[in-house]
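Protein sequences, first through last, are from chains A and B. Note that this note's numbering gives residue 128 to position 128 of the first sequence, counting from 1, and the numbers run on in steps of one. Note that this note's numbering gives residue 62 to position 62 of the second sequence, counting from 1, and the numbers run on in steps of one. All C-beta atoms in this analysis are idealised placements derived from N, C-alpha and C, irrespective of residue type, glycine included.
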Amino acid sequence: MSDADLVARARQGDPAAFGELVDRHRSAVYRAALAALGSHAEAEDAAQDAFVLAYRRLAGFRGDASFKTWLLTIAWHQAINRRRGMTRMIRRFVQPQRDEEPDAIVERVAASGVNPEAAAQQHQLHRAIGDAIRALAPKLRDALLLAQSGDYSYEEIGAMLKTPIGTIKWRVSEARRVVKVRLREGGHL
Amino acid sequence: MTDTHLDALIDEAARGMTAGEPGGDFRARVVSRIGARSGASSRMWRLSSTGVWRPAFAGLAIAVFVVAAVVIQHQVRSRVGGAVQEVRVRLKPDATAPAQLALNREPVEVRLKPDTTRERAAVGLAPDATDLAPLALAPLNVDPIAVQQLPAEDSIRIAQMPPVAPIAVAPLGVDDQGDRR
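Below you can see the structure in the form of structure tokens.
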């Protein structure tokens, strides 16, 4: 059954049909919220809000775009509204990053059979890349994370960010360039 | 490390930052939230469709009507009071009105009344000095002052004092002891 059929049934008051739509798109909605918020708990709340809001606005869905694009647009707005809240921003920066346990790193390196020194360097590089991505300007970071998540086409990203596809592609490329510059400046390359 | 390899690492890190799945009961939670909302709205719909609201609505409508009537009456009264005050203001003489009337009228010949103040002066309110009779002063009848001569008294007799005997004064001297005597 297509999304359009499920939407039609959900409009007629079939909750199971909308539940099926939730199952189909929950990962995409959740990851978009995670890209915007950087917190799993916040992303889960934002994703739920997005589905509830979409259900309430279902009568206004005209079908100009796909249901997924329409849903992702709602989800992105919900996530950005959350991100704008000062308290959430503070919580996000204050929240300690969940570093991998040292024992787990040792076990993983031992299991992989690679040189422990090389593995430690690679781990540091991964960490530095993550820090550099988090330090990007929001526009560059959003474009990079959404493009690399693998869940969205450039058209869908453009609809979410209300930005032309060419601009999205440039932002992704620029984000990579800035990350590399910062890695070189940090002595990681 | 090549640029392509670095790009691949960046993309992998970005993918890792958005990796994850919502909780297992995600669908159930969303559906329950939707059900709670639609349940509330359907309860409202059921209430309205059964007609239970009609007596309450009728009472509310009556109350609104009464309040509106009181408010309108109060406003009408205040407006009438304001109109009366306005009329009172208009009753006051308008200084500009005579000027407008004079401009609109044809020229009118005005006859001034004779000045009666001159006639009053001629009658005697302000008499001329030449018309007065000379003032006649009647002589005063005052008796002359009579001065009586004082009777001559006897001269003061002063008894002659007896002659005073001369005072004998002994000259001062110093004795053998050196004391003054």
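ask   = Is the Cβ-Cβ distance between A:I133 and A:L144 less than 8 Å?
value = yes
inquiry  = I'd like to know if B:F65 contacts chain A, where contact means its C-beta is closer than 8 Å to some C-beta of that chain.
reply    = no
task = Please report how far the alpha carbon of A:E100 lies from the alpha carbon of A:A59, in whole angstroms.
result = Only weak support is given to the placement of A:E100: the predicted model assigns it a pLDDT of 49, under 50, and the question is left unresolved by the model.
ask   = Taking just the CA atoms, how far does B:A14 sit from A:H123?
value = 15 Å
ask   = Which term fits A:G38, buried or exposed, when burial requires 16 or more other beta carbons within 10 angstroms of its beta carbon?
value = buried
query = What does A:S149 touch in chain B if you count any residue whose Cβ is under 9 Å from its own?
reply = A14, R15, M17, T18, A19
ask   = For A:L183, does the count of other Cβ atoms within 10 angstroms reach 16, so buried, or fall short, so exposed?
value = buried
message = Contact criterion: CB-CB distance below 8 Å. Does A:A8 meet it with respect to chain B?
response = no
ask   = What in chain B is Cβ-close to A:L125, meaning under 8 Å?
value = L9
query = Do you know offhand how far B:D25's Cα is from A:L53's?
reply = 18 Å
inquiry  = I need the straight-line Cα distance from A:A35 to A:K162, nearest angstrom please.
reply    = 16 Å
task = Spatial neighbours of A:I165 within its chain, please: CB distance less than 7 Å, with the 5 preceding and 5 following residues excluded, ordered by chain position.
result = Y154, E155, G158
Cα-Cα separation, B:A56 to B:A69 = 20 Å
ask   = Do you know offhand how far B:M161's Cα is from B:A168's?
value = 21 Å
ask   = Mapping DSSP to helix, strand and coil, what is A:G19?
value = helix
inquiry  = Buried or exposed for B:V67, going by 16 or more other Cβ atoms inside 10 Å?
reply    = exposed
key: Chain-ordered chain B contacts of A:A35 [CB-CB under 7 Å]   = T18
key: Terminal residues of the alpha helix (DSSP H) in which A:K68 lies   = 67 to 84
ask   = So, is the C-beta of B:G24 closer than 8 Å to a C-beta in chain A?
value = no
inquiry  = Whole angstroms are fine: how far does the CA of A:A43 sit from the CA of A:Q12?
reply    = 29 Å
request  = On a CA-only basis, which of A:N115, A:F18, A:A4, A:R56 is nearest A:D64? Give me that one, please.
outcome  = A:A4
query = Taking DSSP as the reference, what is the three-state secondary structure of A:L146?
reply = helix
ask   = So what does DSSP say about B:Q148, is it helix, strand or coil?
value = coil
ask   = Would DSSP call A:F61 helix, strand or coil?
value = coil
task = Could you tell me if the beta carbon of B:V147 falls within a distance shorter than 7 Å of some heavy atom in the ligand PLP?
result = Absence of the ligand PLP from the depicted structure is noted, as is the absence of any ligand whatsoever, leaving it without description.
query = For the alpha helix (DSSP H) that B:D142 lies in, which residues bound it at each end?
reply = Here residue 142 of chain B turns out to be Val, not Asp, going by the sequence shown. It is not in any alpha helix (DSSP H) - B:V142 carries neither H nor E in the DSSP assignment.
request  = Between the Cα of A:Q148 and those of B:D3, B:L9, B:T2, B:M1, spot the shortest distance and give me the residue it belongs to.
outcome  = B:L9
query = Where does B:Q75 fall in DSSP's three states?
reply = helix
key: Interface partners of B:I62 on chain A, CB under 7 Å   = What B:I62 touches in chain A: nothing, since even the nearest Cβ is about 36 Å away.
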